[in-house]
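The block underneath contains the structure these notes are about, expressed in structure tokens.
Protein chains: 2
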Amino acid sequence: MQRTSLGDMACSLARSLDVAGEWWTPLIVRNVWFGARRFEEIQRDLGLSRKVLADRLRTLLAEGILERRPYQEHPVRHKYRLTPKGRELMQAFFALMAWGDRWTAEVAGPPMVLCHERCGEIVHGEVTCSSCGEPLRAEETRIARGPGARVGRGSRYVEHLPAP
Amino acid sequence: MQRTSLGDMACSLARSLDVAGEWWTPLIVRNVWFGARRFEEIQRDLGLSRKVLADRLRTLLAEGILERRPYQEHPVRHKYRLTPKGRELMQAFFALMAWGDRWTAEVAGPPMVLCHERCGEIVHGEVTCSSCGEPLRAEETRIARGPGARVGRGSRYVEHLPAP
DNA sequence: ATAGTGGGTTCCCTAAAGCAACTCTCTGTT
DNA sequence: AACAGAGAGTTGCTTTAGGGAACCCACTAT
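Next comes the structure, spelled out in structure tokens:
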């Protein structure tokens, strides 16, 4: 497994990618979310090698993004499900899906859309500010040192930033 | 470059990952966002090989996520910047950063935090519904066939779903 | 004249992904 | 009873992608 350089683990994005950014991992999570529960099913649907799938499932279980329960004994067979941690990860992927729809969809429009059961509408994910609720645009957002920042290590940018 | 299987390009997530999901790409985008503009700077900061960086920058330019402008001639030197497409991608990464903070941060807390200049607060990205504004939780969201769905191809799930 | 810098490219080597075949334990069919 | 097939992996081999280091080229500074 490719781990990002240690110095960069300072950033939450690097840590997220480290556990959920490997090849195939987001697609596996997405497929489990929308209904694939068995090894064979995921493998057939995504067309990745069984070896890599076995590997990724191990990681996802170890990270607590997926969990599995036996659905039969002799031989024991498991079904995979998202944990709460996995469901929140999927939520972040909704934002990525929205970006893909907006910027890379083919002329025909997005092949799949999301339906939000709470409001009943066809929707997409928006990334908004946890405080004011407005869209959290990159050009209106700056980085600042957090409680876990280790001065003298990590990124050389963060050290010159105002404390929160 | 690893491209996902064609059949899966039906999904926007696969398409997003195809252009922005390669190793290092999100971290490069993040670094350009928060101030790294020159090749050397990005390379030093992330510690990736120059070859891979040159490769990723080429892809990001070709995809229109980054743009570059010469800041000197003889020899010509460029500085990289995010395009609007790139800034919106960064926005999606904010959601991933929030997930990393919530689920994988060390005991000391997140090393970096975001400051939203519009409201002046320390914030994080939330993924919300474009229609009702509520958090777009995975367990309250279903997938449905979109305008670009090609029946008979792509995922076998989407074909059994209600039309929007 | 020499060293250094910025932005790459080239070469070699290792690590990870793809592919195919194999295992093992059941279940269903003839 | 014999055989085929499914489900969930594991093992081995080949190809590809990534890391490291060296090299190049056009300047600039000392």
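Just so you know, the sequences run in chain order A and B. Here the numbering used here is used: position 98 in the first sequence is 98, and no number is missing along the way. Here the numbering used here is used: position 89 in the second sequence is 89, and no number is missing along the way. All residues carry an ideal CB built from backbone N, CA and C; glycine is no exception. None of these values were measured; they are calculated from a predicted model.
| Asked | Found |
| --- | --- |
| Would you tell me roughly how many angstroms separate the C-alpha atoms of L46(B) and I28(B), rounded to the nearest one? | 8 angstroms |
| Along the stretch 91-114 of chain A, where does the CB come closer than 9 angstroms to a CB of chain B? Name the residues. | Q91, A92, F93, F94, A95, L96, M97, A98, W99, G100, D101, R102, W103, T104, A105, E106, V107, A108, G109, P110, P111, M112, V113, L114 |
| Is it a yes or a no for the stretch 45-62 of chain B touching the stretch 58-78 of chain A, going by three-plus beta-carbon pairs under 8 angstroms? | no |
| If I measure Cβ to Cβ from C129(A) and keep anything under 7 angstroms in the same chain, skipping five residues before and after, which residues do I get? | L136 |
| Compare the C-beta of R15(A) against all C-beta atoms of chain B and say whether one is closer than 8 angstroms. | yes |
| Applying the criterion that 16 or more other CB atoms from any shown protein chain within 10 Å of the CB defines a buried residue, is P75(A) buried or exposed? | exposed |
| Whole angstroms are fine: how far does the CA of S16(A) sit from the CA of G109(B)? | 14 angstroms |
| Listing by chain order, which chain A residues have their CB less than 7 angstroms from the CB of V19(B)? | T104 |
| What's the C-alpha gap between C132(B) and L114(A)? | 13 angstroms |
| Just to confirm the assignment: which complete alpha helix (DSSP H) runs, minimum length 4, are found wholly within the stretch 25-95 of chain A? | 25-33, 39-46, 50-62 |
| Can you tell me which of R58(B), W99(B), W33(B) puts its alpha carbon nearest to the alpha carbon of H124(B)? | W99(B) |
| Give me the chain A residues within the contact set of S49(B), using Cβ-Cβ distance strictly less than 8 angstroms, ordered along the chain. | Simply none; closest approach about 11 angstroms. |
| Return the Cβ separation of A138(A) and Q91(B) in integer angstroms, given the expectation that the two are a contact with Cβ distance under 8 angstroms. | 6 angstroms |
| By the three-class DSSP mapping on this structure, what secondary structure does M1(B) have? | Because the pLDDT at M1(B) is just 39, under 50, the model does not fix this residue reliably, and the value given afterwards should be weighed accordingly. Three-state result, M1(B): coil. |
| Look at the Cβ atom of R87(B), then the Cβ atom of E134(A), and state whether they are nearer than 8 angstroms. | no |
| Of all the CB atoms in chain A, is at least one closer than 8 angstroms to the CB of E140(B)? | yes |
| Where does M1(B) land, buried or exposed, given buried means 16+ other C-beta within 10 angstroms? | Any reading at M1(B) is ruled out, since the residue's pLDDT is 39, under 50, leaving its predicted position unreliable. |
| Consult DSSP for L136(A) and reduce its assignment to one of helix, strand or coil. | coil |
| Does R56(A) pass the burial test, meaning 16 or more other C-beta atoms within 10 Å, or should it be called exposed? | buried |
| With burial defined as no fewer than 16 other Cβ atoms inside 10 Å of the residue's Cβ, what is the status of E40(B): buried or exposed? | exposed |
| By the 7 angstroms beta-carbon criterion, what residues does the stretch 48-71 of chain B contribute toward chain A? | none |
| Over what stretch of residues does the beta strand (DSSP E) that includes A144(B) continue unbroken? | 141-145 |
| Output yes if chain B places a C-beta closer than 8 angstroms to the C-beta of E126(A); else output no. | yes |
| Can you tell me which of V19(B), N31(B), R142(B), E22(B) puts its alpha carbon nearest to the alpha carbon of R81(B)? | N31(B) |
| Bridge partners of G125(A), per DSSP? | C129(B) |
| Excluding the five sequence neighbours on either side, which residues of its own chain have a C-beta within less than 8 angstroms of the C-beta of P97(B), listed in chain order? | Reading off the sequence shown, one finds Met at residue 97(B), where the question assumed Pro. Once the five neighbours on either side are set aside, the close Cβ partners of M97(B) are L114, H124, G125. |
| Determine, using beta carbons only, whether R69(B) and K85(B) come nearer to each other than 8 angstroms. | no |
| Can you tell me which of E121(B), A14(B), G120(B), E140(B) puts its alpha carbon nearest to the alpha carbon of I122(A)? | E140(B) |
| Which word fits S12(B), buried or exposed, when buried means at least 16 other C-beta atoms lie within 10 angstroms of its C-beta? | buried |
| Under 7 angstroms Cβ to Cβ from R102(B), same chain only, skipping five residues before and after it: list those, please. | none |
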